[in-house]
Amino acid sequence: MTIAITDVVLRDAHQSLFATRLRLDDMLPIAAALDDVGY
Numbered sequence: 001m002t003i004a005i006t007d008v009v010l011r012d013a014h015q016s017l018f019a020t021r022l023r024l025d026d027m028l029p030i031a032a033a034l035d036d037v038g039y
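Take the sequence shown: its position 23, counting from 1, is numbered 23 in UniProt numbering, and each next residue is one higher.
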């Protein structure tokens, strides 16, 4: 049995905080940190 997981942290997490105004330029700095922890 295979279980697929889709992480939506950069898609959904900011919507409640910034009302969908988070730009790609705001997301890029955290992308490396997410990669380091295994996302």
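A virtual CB, placed ideally from N, CA and C, is assigned to each residue, including glycine.
Quick caveat: nothing in here was measured; it's all calculated off a predicted structure.
Asp36 (DSSP reduced to helix, strand or coil)
helix
In this structure, does DSSP put Ala4 in helix, strand or coil?
coil
Per-residue DSSP class, three states only, for Leu22:
coil
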